[in-house]
Amino acid sequence: MENFLAYNPTKLHFGKDVTDTLGKAIEKFGKRVLLVYGGGSIKKNGIYDKMISQLKSIDAGIFEYHGIKPNPVYEDVDAAAKLGRDNNVDVILAVGGGSVIDSAKIISITIPVENSSWDFYNGKAEPKSAIPLISVLTIAATGTEMNPYAVLQNNKTKEKHGWGNKLLFNKHSFLDPQFTFSVPRDQTAYGIVDLIAHCLEAYFGGGEATLSDRFVFSIINEAIEYGQKLLNNPENYELRAKIMYAATAALNGLTLNGRKSGDWGVHSIGHELSLLYDIPHGASLSIAYPAWMKYFSNIIPERIMELGKNVFNTDTTEKTISAFESFFKSLDCPVRCPEIGIIEDKKSEIIKNMTANNVSGANHKMTEKDHIKIVELLF
Ligand code: NZQ
Ligand code: ZN
Numbered sequence: 188m189e190n191f192l193a194y195n196p197t198k199l200h201f202g203k204d205v206t207d208t209l210g211k212a213i214e215k216f217g218k219r220v221l222l223v224y225g226g227g228s229i230k231k232n233g234i235y236d237k238m239i240s241q242l243k244s245i246d247a248g249i250f251e252y253h254g255i256k257p258n259p260v261y262e263d264v265d266a267a268a269k270l271g272r273d274n275n276v277d278v279i280l281a282v283g284g285g286s287v288i289d290s291a292k293i294i295s296i297t298i299p300v301e302n303s304s305w306d307f308y309n310g311k312a313e314p315k316s317a318i319p320l321i322s323v324l325t326i327a328a329t330g331t332e333m334n335p336y337a338v339l340q341n342n343k344t345k346e347k348h349g350w351g352n353k354l355l356f357n358k359h360s361f362l363d364p365q366f367t368f369s370v371p372r373d374q375t376a377y378g379i380v381d382l383i384a385h386c387l388e389a390y391f392g393g394g395e396a397t398l399s400d401r402f403v404f405s406i407i408n409e410a411i412e413y414g415q416k417l418l419n420n421p422e423n424y425e426l427r428a429k430i431m432y433a434a435t436a437a438l439n440g441l442t443l444n445g446r447k448s449g450d451w452g453v454h455s456i457g458h459e460l461s462l463l464y465d466i467p468h469g470a471s472l473s474i475a476y477p478a479w480m481k482y483f484s485n486i487i488p489e490r491i492m493e494l495g496k497n498v499f500n501t502d503t504t505e506k507t508i509s510a511f512e513s514f515f516k517s518l519d520c521p522v523r524c525p526e527i528g529i530i531e532d533k534k535s536e537i538i539k540n541m542t543a544n545n546v547s548g549a550n551h552k553m554t555e556k557d558h559i560k561i562v563e564l565l566f
């Protein structure tokens with residue numbers, strides 16, 4: 188087992204009606220609030236009204252930035268940071284999924300500096316401080332609610348990267364599974380794939396950490412046992428709660444302790460597909476993971492077999508990879524690029540961008556020759 192530092196300062200409020208105390212949590216940081224949200228789902232499902240009533244209960248001054256896109260771009264972060272800076276906000280309230288919360292994390296460190304938010308991603312700026320951030324999660328998927336990472340996209344330079352800093356932890360995250368009842372079927376499925384992928388990125392990371400491996404198996408087993416049931420019963424509280432907690436546990440440090448690092452090679456392949464063809468994050472992973480495992484099955488057969496034994500009771504690499512594919516298909520997620528509209532002609536474009544962005548895992552390295560072979564397996 189590797190040495191590790193476990194640090195997670197986020198207060199997680201989980202369960203029915205937890206946002207009834209949201210106003211009190213916000214008030215401790217001040218009354219000038221930057222409210223950040225996405226394309227409007229929170230207006231349709233009533234969450235927006237609940238947020239406004241909490242903010243009114245503390246006489247908050249509200250400055251709204253909305254329209255954060257799935258696969259968020261740094262320009263929105265810069266514009267929201269300007270709004271927050273010009274109005275001297277005390278606290279940020281992010282209401283939405285990974286795209287909104289990741290954007291809010293970077294808004295929180297961009298407000299105190301003069302730089303563009305992308306400067307944190309290309310190494311031109313270091314964060315100095317962060318405006319306190321409180322999040323209300325509305326979709327179970329990324330784990331951003333309890334981790335220090337944020338993923339942003341730059342369409343000009345054709346890059347989409349994750350980046351981490353301890354200043355990015357939320358002060359509070361509120362998770363009410365009822366808020367996820369309205370998540371559409373496809374997005375629910377993508378969230379299940381994403382949480383499984385986070386477990387796998389940890390599992391295929393460096394070092395030996397048997398207890399962390401067992402956490403990985405348990406979380407994946409939870410997703411497999413309840414994922415399909417949830418798709419058939421989208422307003423079942425218990426099922427929504429199980430998947431929501433699984434998604435948080437999949438990327439809040441628990442599965443990484445004792446390892447050198449996670450791998451993250453599959454995420455970096457997936458980010459290329461999302462960046463180039465604007466496909467949802469989870470869909471990029473249901474395509475990329477089977478391909479990656481096939482490619483690496485000769486190099487790490489024991490590791491893949493151990494995973495299969497513990498989650499699908501399989502005894503070969505082929506059966507394990509095929510079981511993952513079948514599970515993703517059972518959720519109606521794509522497992523090959525053409526299923527989501529990315530045609531064969533795009534192969535060379537994908538390879539070119541992968542190589543330009545040095546797509547690789549931290550543990551299992553990839554270079555251009557690997558990109559070429561892996562891209563074949565995506566189709
Ligand atoms: O924008 P709105 O209108 O809110 O609609 C969203 C969006 O269209 C909708 N939605 C969210 N909650 C809903 C809802 N619709 C109805 N009812 C609700 N309750 O769902 C769509 C997807 O939302 P998004 O936030 O994009 O999804 P997700 O949470 O999967 O976030 C994806 C982003 O997170 C990054 C991804 O790369 C991607 O950019 N990731 C962040 C990570 C992190 N910070 O740790 C790790 C992940 O691996 C991931 O890379
Ligand atoms: Zn992910």
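Using the working numbering, the first residue of the sequence shown is number 188, and each one after it goes up by one.
Even for Gly, the Cβ is constructed at its ideal location relative to N, Cα and C.
Remember, it's a predicted structure, so these values are computed and weren't measured experimentally.
Can you check DSSP and say which residues form a bridge with residue i?
i, result
"residue 341", "346"
"residue 281", "223 and 322"
"residue 260", "340"
"residue 425", "Answer is none; residue 425 lacks a bridge partner."
"residue 251", "222"
"residue 200", "361"
"residue 351", "336"
"residue 448", "393"
Check each candidate in the options and name the one with the smallest Cα separation from residue i.
i, options, result
"residue 264", "243, 363 and 286", "286"
"residue 427", "312, 479 and 363", "363"
"residue 562", "548, 552 and 535", "535"
"residue 320", "189, 359 and 557", "359"
"residue 440", "198, 333 and 395", "333"
"residue 391", "413, 451 and 424", "451"
"residue 214", "420, 205 and 278", "278"
"residue 558", "537, 292 and 514", "537"
"residue 313", "293, 323, 322 and 331", "293"
"residue 560", "376, 550 and 539", "539"
"residue 331", "304, 291 and 317", "291"
"residue 376", "306, 232 and 517", "517"
"residue 412", "520, 430, 423 and 260", "430"
"residue 251", "219, 191 and 416", "219"
"residue 316", "554, 307 and 323", "307"
"residue 231", "371, 521, 470 and 196", "371"
Mind checking whether the beta-carbon of residue i lies closer than 8 angstroms to any heavy atom of the ligand ZN?
i, result
"residue 472", "yes"
"residue 572", "Residue 572 is absent from the structure shown; the chain starts at 188 and stops at 566."
"residue 267", "no"
"residue 468", "yes"
"residue 273", "no"
"residue 381", "yes"
"residue 457", "yes"
"residue 329", "yes"
Helix, strand or coil for residue i, going by three-state DSSP, please let me know.
i, result
"residue 328", "coil"
"residue 194", "coil"
"residue 189", "coil"
"residue 497", "helix"
"residue 312", "coil"
"residue 317", "coil"
"residue 211", "helix"
"residue 523", "coil"
"residue 458", "helix"
"residue 368", "coil"
"residue 408", "helix"
"residue 303", "coil"
"residue 437", "helix"
"residue 565", "coil"
Between residue i and the ligand NZQ, is there a pair consisting of the residue's CB and a ligand heavy atom that are separated by less than 8 angstroms?
i, result
"residue 366", "yes"
"residue 347", "yes"
"residue 454", "yes"
"residue 569", "This structure does not reach residue 569, given that the chain is present from 188 up to 566, and the question cannot be answered."
"residue 264", "no"
"residue 448", "no"
"residue 337", "yes"
"residue 334", "yes"
"residue 222", "no"
Verify the CB distance criterion: does residue i have a CB-CB separation below 9 angstroms to chain D?
i, result
"residue 494", "The structure shown has no chain D; it contains just one protein chain."
Just to confirm, does residue i get its C-beta within under 8 angstroms of one of the non-hydrogen atoms of the ligand GDP?
i, result
"residue 223", "For the structure depicted, the ligand GDP is absent and the ligand set comprises only the ligand NZQ and the ligand ZN."
Exercise for the section: Take every Cβ of the segment 365–380, pair it with every Cβ of the segment 324–331, and state whether three or more of those distances are shorter than 8 angstroms. Expected result: yes
Exercise for the section: Flag this pair as touching only if the segment 505–513 and the segment 294–308 have three or more C-beta atom pairs under 8 angstroms; answer yes or no. Expected result: no
Practice task
Pair every Cβ in the segment 537–554 with every Cβ in the segment 455–463, then say whether three or more of these pairs are closer than 8 angstroms.
Solution key: yes
Exercise for the section: Report yes or no: do three or more beta-carbon pairs, one from the segment 268–275 and one from the segment 206–215, lie closer than 8 angstroms? Expected result: no
Practice task
Inspect the CB distances between the segment 478–498 and the segment 223–235 and report whether three or more fall short of 8 angstroms.
Solution key: no
Handout entry: Inter-stretch contact (C-beta, 8 angstroms, three-pair minimum) for the segment 231–241 and the segment 335–345
Key = no
Problem - contact_flag[the segment 344–353, the segment 399–418] where n(CB pairs < 8 angstroms) is 3 or more - result: no
Practice task
Answer yes if the segment 403–412 comes into contact with the segment 428–438, meaning at least three C-beta pairs across the two stretches below 8 angstroms, and no otherwise.
Solution key: yes
Problem - the segment 461–469 contacting the segment 515–529, beta-carbon criterion three pairs below 8 angstroms - result: yes
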